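Protein chains in written order, with our numbering: chain S, 1181 to 1493; chain V, 165 to 444.
Notes to accompany the following structure.
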């Protein structure tokens, strides 16, 4: 059977509509990208609770904060990269006051592709993760996105959700239980532990298949919540394997790789490799070509795993 | 026209609050006297007359809200909130000290504080959210937001200004405390914001231009704001930074500096000698 492919941003738009139907306090703001972030689906259903803020991300964040202290549940979306323009307002209004604002940044990472460097946010996780109290989530498929949007509705606090432009295989079914801060073990193995987030979960799944063909059995965990990190799961797999890889479509500085490295350095130092953008920007191109060129593809992950295991012995 | 007794009562209150501002900042040996003294006549009009509030129930859902976007002028607001009974006056002695509820710039957990300021330009944007929520919930209450003239140089102020006009937020009243001075000098020399009335008019606001130390003009402006439908209101409150203390007036050195003992005595003496009948 063909695996269905849906972009997480499409699931975001659909989830907002479902939320809007059952919770009158949900409001949505967008900065002239509602067609791309898919928040326009909410706009069509609930025009009175949708606020078009124009190309003005700072004011979108300030306004969302004001709505939040008035008892509304604002979801504010734009491209991940442009949300960064308002990062000081996120810091000084939303994070500082622990306000219940849900920021959604779509088109994150180099998988955004052809638009090139200006649109490819590779530092957003790092920025949001460094702000106190902000929960940072990157779902890896449509089902997980919807569950995350619903989980955030019940979560009273600031959050950043990282969404992606391109269709990704749907690997979960409706029975999937999503819990903020709890990673998901996708594959059990013994030799090496791979922690992946977002689109790189799929590359890592393919990498596992390649490795298994060669008799290497990796653990693979989907780390949808980068903050707070699932410390228990990371430590457990690190202790079982003594060999850890992180994989993300983000700079290797400040993202999932850093979060895992910080934890392991303090609690269980072991061999580790961070896969991501090597402190550089990418360029225009097809997502698959970019993943190949910048070392984020399944082949790159498998290669890194083999080289680590070789040195381990 | 504003009632004469009311005007006198509010002027007397503003005089007492001026003294309190100097006490608070002198005691802390830290804080921003200039902008606190320029805003205080307007704050007196809002808190002792205009706004629908209940200090015993700071979270009363039908209240009017005051957002101090220029958060550095917190001593003025703290003086008012303590006097109104939001928290004990004894707290004023702890301003800017470790463990105090009265932080250098306001925080939301202090009773009566509606906005955590300190980073300029953000309060007016936040107020758009408050006003939009008021519209959704069909509340009759108003949102008042005070910004500084130097603050107007921040780009987000104009993003917010555009949005308030676009959404026709007639439950939003902004006050520009145009005290002419910012940290490093006169606003017209650092980065001129004039012609500022024309700017707000062009962004679809109803603009009222007054002397922000003339209590009668303040009250009339607030009444006029009530009558405006379909537009947000901007009251350009022309003030003097440090008003009431001669050596602080239009002196940027007292933007963010506490008086020493000699300056403190002189300041208190001058404020005590203010003739409220002539003051404007």
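Glycine included, every Cβ here is placed at the ideal spot set by N, Cα and C.
Owing to the predicted nature of the structure, the values given are computational and were not obtained by experimental measurement.
Q. How should residue 1356 (chain S) be labelled, buried or exposed, when 16 other C-beta atoms within 10 angstroms of its C-beta is the threshold for buried?
A. exposed
Q.
At the level of alpha carbons, what is the spacing between residue 187 (chain V) and residue 352 (chain V)?
A. 30 Å
Q: Buried or exposed for residue 394 (chain V), please, with buried defined as at least 16 other CB atoms from any protein chain shown within 10 angstroms of its CB.
A: exposed
Q: Run the CB neighbour count on residue 216 (chain V), radius 10 Å, all protein chains shown included, and call it buried at 16 or more, exposed below.
A: exposed
Q. Using a Cβ-Cβ cut-off of 8 Å (strictly less than) and excluding sequence neighbours within five positions of residue 1448 (chain S), which residues of its own chain qualify?
A. 1415, 1418, 1419
**Q.** Where residue 1186 (chain S) sits in the DSSP three-state scheme
**A.** strand
**Q.** Any C-beta of chain V under 8 Å from that of residue 1244 (chain S)
**A.** yes
Q) Is the CB of residue 1257 (chain S) under 8 Å away from at least one CB in chain V? A) no
Q: Using the Cα positions of residue 308 (chain V) and residue 389 (chain V), report the straight-line distance between them to the nearest angstrom.
A: 11 Å
Q | Cutoff 8 Å: residue 1231 (chain S) Cβ touching any chain V Cβ | A | yes
(Q) Extract the residue ranges of the alpha helix (DSSP H) inside the region 1407-1434 of chain S, only unbroken runs of 4 or more that lie entirely within it. (A) 1411-1421
Q | Nearest neighbour of residue 377 (chain V), chosen from V:421, V:246, V:338, V:406 [CA to CA] | A | V:406
Q: May I have a chain-ordered list of the alpha helix (DSSP H) segments no shorter than 4 residues that lie completely inside the region 1251-1288 of chain S?
A: 1260-1263
Q: Confirm, please, whether the CB-CB distance from residue 1219 (chain S) to residue 1257 (chain S) is below 8 Å.
A: yes
**Q.** Coil, strand or helix - residue 1402 (chain S) by DSSP
**A.** strand
(Q) Taking 8 Å as the cut-off, does the region 1342-1360 of chain S touch the region 1181-1188 of chain S (at least 3 CB pairs, one atom from each stretch)? (A) yes
(Q) My output table needs one value for residue 1310 (chain S): the three-state DSSP class, helix, strand or coil. (A) coil
Q: May I ask you to report which of helix, strand or coil DSSP gives residue 1232 (chain S)?
A: strand
(Q) Quick check on the DSSP output: what are the complete alpha helix (DSSP H) runs of length 4 or more inside the region 1442-1490 of chain S, in order along the chain? (A) 1467-1473
(Q) Please report the distance separating the alpha-carbon of residue 1216 (chain S) from that of residue 276 (chain V). (A) 40 Å
**Q.** For residue 375 (chain V), the three-state DSSP class (helix, strand or coil)
**A.** strand
Q | For residue 240 (chain V), the first and last residue of its enclosing alpha helix (DSSP H) | A | 238-248
Q. Secondary structure at residue 1315 (chain S), three-state DSSP: helix, strand or coil?
A. strand
Q: Give the single residue among V:375, V:331, V:324 whose Cα lies nearest to the Cα of residue 341 (chain V).
A: V:375
Q.
Counting beta carbon pairs with one atom in the region 1312-1329 of chain S and one in the region 1396-1408 of chain S, are three or more of them shorter than 8 Å?
A. yes
**Q.** Exposure label - residue 369 (chain V); buried when at least 16 CB within 10 Å
**A.** buried
Q) Which residues in the same chain as residue 253 (chain V) place their Cβ atom closer than 8 Å to its Cβ, once the five residues preceding and following it in sequence are excluded? A) 246, 247
Q: Specify the secondary structure class of residue 166 (chain V) as computed by DSSP and reduced to three states.
A: coil
(Q) So for residue 262 (chain V), helix, strand or coil by DSSP? (A) coil
Q.
Is it the case that the region 1354-1371 of chain S contacts the region 1202-1213 of chain S, given that we only count it when at least three CB pairs across the two stretches are under 8 Å?
A. no
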